[in-house]
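Each residue of the sequence shown is one higher than the one before, starting from 1 at the first, in UniProt numbering. Beneath this line is the structure, given in structure tokens, with notes to follow.
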Amino acid sequence: MGGETSSRTTSSYPKLSAHPVGQKIQSIYTDRLRQFTSGGQYEKENLLSKLYHNVCDDGDHVKLSVYSPPDLTRPTFHDAISHTFRPTHRGESFGPAWATHWFKIQLTVPKNMRDGEHLEFHWDANNEGMVWTEDGNPLQGLTGGDRVEWILPTSWRDGKEHIFYIEMACNGMFGNAPGGDSIQPPDPNKYYTLWKAQIVDVNLAVRHLYVDFWIIGDAAREFPGDSWEKHEALQVCNQIMDVFIAGKGSATSIEEGRRIAQKYIGKNVDSAKVYDSDEKSIVYGIGHCHIDTCWLWPWAETKRKVARSWSNQCDLMDRYPEHRFACSQAQQYKWLKMYYPYVFDRVKSKVKEGRFHPIGGSWVEHDTNMPSGESLVRQFLYGQRFFESNFGERCQTFWLPDTFGYSAQLPQICRLAGMTRFFTQKLSWNNINNFPHTTFNWVSLDGSQVICHMAPSETYTADAHFGDVRRSVTQHKSMDQDNTSLLVFGKGDGGGGPTWSMLEKLRRCRGLSDTVGLLPRVNMGNSVDDFYANLEKKVAEGTELVTWYGELYFELHRGTYTTQANNKLNNRKQEIMLHDVEYLATLASLKSKSYKYPKKEIDEMWENVLLCQFHDCLPGSSIEMCYDDSDKLYAHNAKLGEKVKEEALTVLGLSQHLKANAELAAVNTTPWTRSELVRIPHASAKSQEQKYTYVSGGPGVCKTHAASAIQSTASIEEVRKGVFVLKNSIFQAEVEAGCITSLIDLRANREVIAKGGKGNQLVMFDDKPLYWQAWDVEVFHLDSRKELKSEASEIVEHGPYRVSVATKTQVSKDSWVKTTISLDACNSQTQTGYLLVEAEVEWHENMKFLKVEFPVDVVNTEANYETQYGIIRRPTHYNTSWDMAKFEVCCHKFADLSEANYGVSILNDSKYGFATCGNLMRLSLLRAPKAPDAHADMGRHHIKWAIMPHQGALSSDTVRAAYNFNHPMTLVSVVDDRPPKELFNAVNVTGASSLILDCVKRGEDDEDVSRGELTQRKGQSVILRIYESMGGKSRGVIETTLPVKKVYETNVLEDDGKQLDMSGKNKISIPIELRAFEVKTFRLQL
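Below, the structure written as structure tokens:
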């Protein structure tokens, strides 16, 4: 220590305090930020006042004229411009709702703007529009408030007048709802005021600073309070404001503000170079434009929304090289190709560049609860064939972000359609339980699986905000397995897609992540398939994703199983019609070389049915105009289907037109023998012997017999006043005032109705959900149950082959239900029987829900519900909130409650909503929501259901009975001396009774069938689709007398897989085996 030279430092820290300095009050300085970029009292003083160097909207430089087509028509460009245009001006209003107006804009860039920095034309009438060139090319869409700018061509700075057109659609992005509630029925008298039509010279530095400030301001607001990054962001924003104020908004102050911003977000945010860093990114940014094929607007408007939205994305791709855009729905691509070939060619070129990504593989983004299994297959068959024939590739990812729940068989059908991946996010809307996973293996009833990812940002229409990026990590529920996620951004539902500001925001988010950190890095320039390929690679390397087995039940929008009943009836009937048409046409094409398989007509009908299965159409959540449209399509299909069916029957020696002296037969299009009492159409005789015929046999042509051929009879007796007993050899039912007070199964010597209960009891509920009227029924509606009282019943069929009792129930002054309960004579003790109920309903209620109840003497904690290609079991109790959430569920042709040795099935012909609470089985019949369609379900309805007790547990007897219930046998005239009965028996499936031959059709690419979309196959082939219906491994044999050369197992796209063994000469046998609930497709090469 001693003797050493000391070293003393001098501090620069001041000795005396110069002045007080206070702690900045964080909340006040944060709230201050809004002053800089908001409208209102400071708009003329803040950054907004500097956005434009110049603005011009005078009549000398922006001349406006308009043609207004009559009667809400939507004329083509060339039709529109052939008419006379009248002068118009800003401030004029245009309408009414759904009208179209064509504007001619004669634009001259003024002299003082010709050397401007960045010229745009701004147009805003608070509605939608499309910019067209003078020679008729659609360039880009416009949306009031969101997307109002069109960049002027540089060549227009020549002082000359230039002409372009704007097609105005008198609807907003979300239709024409009055006021601010978008789901209310449209206002037909809504008008839109054109308030902006101007040339602007944009100050790009200000525009860029605006986005800089937006993102850094979000960081100041949304980063955690204990993070230095939050405090730094607040300091940076306030410094930018102070510099702007000190410099009075000068160009120098703007430049300085941007330099300050770059300290926080980096220097490369003005270009795609910001994404060039090697730092690992975990959020994949994907541009998307969800366009509801119909919803709060009709199909005709959707066609224009597609063109507007997708042309915008092509334009953005030219300006933002990192932009990748994914869009689904083959139907929308087909419309674009038909009506906007110029835009379709632009899209196609971007697809070739790998920047515009067709995705989804389905015809539309369809409902998955209610369509039949075959309909789900056709969604993919038609979708994948369109994508492959137009873009050269099939889709790998099923894209369904907005549908109201997901069938348990979707993973299997996806795999059979060539897809291993699934994307959605709708379960984030659950209003009872929080779905626990983000990325997981979703497993079907048969064990098939797909990788499912649900965007943790919990939206498919993200605005690409700072918060959307941050939530991609903070709300990610599968971080233990994988931390990556999709950020799906872009205006949606009503279309639009990403905007320039979204892409600019994401650049700054990435710059912020690389400069400051804490925010997850966004990756741009990759596709959805790239994201999933990365997941699949991790799985291959050992990552084990969690699993979810069975349906993805959506805990919301349960009312959609019931709303718009006639639409659902049409769907069911046309699915069955198409089954029959394909079956008969296949046989006809094999019988006659001169008969042309009606592929064009079948395609047209299927595409119409698939379109109507869109997830706002079939569920019943669209406006009234949409159902006017779907009614027309269904009516067209019905007429075309009858024509095609008759042509096929004619080749087969039969006719649907019953002729006076011709022999009567019946066509059984189900794949098994059946026996039924069938009413003879237009029979006026009172005697049942003349009103009915007894049909037994099949498949194919069945001989008709006199009703007396039935070996037993049915009887009816009024045992007490108003109390009727209906009886046949199987059941004895007691009916009073329309209710079944007793139902005895004579074979089992068992009472079916619970003690003191009343089966077939009509009940009404008050039905006012929290918000989404057509969509939702809430659990509290069950508290308002009210039994409807009926008038006295009366006998309407006395037997001896059918007995019936009819009852009228006056629901209210304007609404009534007439139910007819019938019991038919049975031919044998082994025949499956049921008590049939036919209801005619006149319905004029307001926010009410009509159901029918069956309290049965059966106990089980689970009930069975038919779904596509299988059965799903759901709880009958409310043990947990997950059980309680399923207070209303979807079923197809039947629901069943069974014990080990006995059960009851409820069959229906057009209903999808059901509930089983304890031993109470409840079929949902009609709703009466008032939004978005004020007249939903009003009017006349015809509904059939049946109660079918059965000995033993649920079996294929119920599956077949429900199939028969929905495929009634139709009578035909025999017009050929020898109809080819052997041809009807040319293909059969024997073995396990659970194996269902569900589809018989011709091969899509057979040379005598193909329409040339894809490579043809030589020769003829027959496609068979078979599924296992009960949930157990099953073996069977395909037996055929057709001249089969080879048999292949295929996927649903009809790609040949393995060749199968076959044996026999005159009758060929092909052994098959299916897993529980498995679907298999076979191609018989002839």
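Ideal placement from N, C-alpha and C gives every residue a C-beta, glycine not left out. The structure presented is a predicted model; accordingly, all values stated were derived computationally and were not measured.
(request) Have a look at the DSSP bridge pairing and note the partners of Phe765. (result) Phe849
(message) What residue range does the beta strand (DSSP E) around Glu778 cover?
(response) Careful: Glu778 lies outside any beta strand (DSSP E) and carries neither H nor E.
(message) Tell me the residue span of the alpha helix (DSSP H) that contains Met502.
(response) Trp500 to Thr515
(request) For the region 277-319, list the beta strand (DSSP E) runs that are entirely contained and at least 3 residues long, ordered along the chain. (result) 283-288
(message) Using the three-state DSSP reduction, which class does Ser68 fall into: helix, strand or coil?
(response) coil
(request) Write down the C-beta distance between Ala307 and Ile359 rounded to the nearest angstrom, noting that I regard them as a contact closer than 8 Å. (result) Going by Cβ atoms, the distance from Ala307 to Ile359 rounds to 19 Å, so no, they are not a contact pair.
(request) Could you check if Asn964 is buried or exposed, using at least 16 other CB atoms within 10 Å of its CB as the buried criterion? (result) buried
(message) Would the region 1015-1035 count as touching the region 990-1002 if we require 3 or more Cβ pairs under 8 Å?
(response) yes
(request) Could you tell me whether the region 905-917 touches the region 475-491, where touching means 3 or more Cβ pairs closer than 8 Å? (result) no
(request) Any chance you could list the beta strand (DSSP E) runs of at least 3 consecutive residues sitting entirely within the region 328-392, in chain order? (result) 356-358
(request) Indicate whether Tyr210 and Thr30 have their beta-carbon atoms separated by less than 8 Å. (result) no
(message) Let me confirm a value: Ala706 is counted as buried when at least 16 other C-beta atoms fall within 10 Å, else exposed. Which label applies?
(response) exposed
(request) Look at the alpha carbon of Leu427 and the alpha carbon of Thr397, and state the distance between them as a whole number of angstroms. (result) 18 Å
(request) Using DSSP bridges, identify the partner residues of Pro949. (result) Val904
(message) What does the alpha-carbon distance come out to for the pair Val347 and Phe356?
(response) 7 Å
(request) Assign Trp606 to one of two classes, buried (16 or more other C-beta atoms within 10 Å of its C-beta) or exposed (fewer than that). (result) buried
(request) Look at the alpha carbon of Met921 and the alpha carbon of Gln761, and state the distance between them as a whole number of angstroms. (result) 11 Å
(message) Going by DSSP, what residue range makes up the beta strand (DSSP E) through Asn637?
(response) Note, Asn637: premise wrong, no beta strand (DSSP E); alpha helix (DSSP H) at Glu624 to Val651.
(request) Compute the distance between the beta-carbons of Phe489 and His288, then report whether it is under 8 Å. (result) yes
(request) Provide the residue(s) that pair with Asn988 in DSSP beta bridges, ordered along the chain. (result) Glu1039
(message) Within a Cβ cutoff of 6 Å, which residues of the same chain sit near Lys818, ignoring the five residues on either side of it in sequence?
(response) Lys808 and Glu840
(request) Just grab the DSSP bridge partners of Cys170 for me. (result) Looking at the DSSP assignment, Cys170 forms no beta bridge with any residue, so it has no partner.
(message) I believe Ala125 touches Trp195 by the beta-carbon criterion, under 8 Å. Please report the beta-carbon distance rounded to the nearest angstrom.
(response) 7 Å
(request) Determine the DSSP secondary structure at Thr100, reduced to helix, strand or coil. (result) strand
(request) Can you tell me which of the three DSSP states Lys721 falls into? (result) coil
(request) With DSSP as the reference, label Glu322 as helix, strand or coil. (result) coil
(message) Excluding the 5 residues flanking Ser253 on each side, which residues of the same chain have their C-beta closer than 6 Å to its C-beta?
(response) Val243, Phe244 and Gly247
(request) Return the bridge partner residues of Arg1002 from the DSSP annotation. (result) Val1022
(request) Give the DSSP-derived three-state secondary structure of Val411 in the structure shown. (result) Residue identity differs from the one stated: residue 411 is Pro in this sequence, not Val. Helix.
(request) Name the residue from Cys314, Ile265, His208 and Arg572 whose alpha carbon lies nearest to the alpha carbon of Val351. (result) Cys314
(request) Can you give me the start and stop residues for the alpha helix (DSSP H) that Met241 sits inside? (result) Trp228 to Ala246
(request) Could you tell me if residue 1087 is buried or exposed, where buried requires 16 or more neighbouring beta carbons within 10 angstroms of its beta carbon? (result) No answer is possible for residue 1087: the residues shown for the chain start at 1 and end at 1086.
(request) Assign Phe1082 to one of three DSSP states: helix, strand, or coil. (result) strand
(message) By alpha-carbon positions, which one of Ile821, His935 and Ser881 ends up nearest to Asn846?
(response) His935
(message) Please identify the residue among Leu590, Val283, Val644 and Leu610 whose C-alpha is closest to the C-alpha of Glu575.
(response) Leu610
(message) Mapping the DSSP letters down to three states, classify Ala261 as helix, strand or coil.
(response) helix
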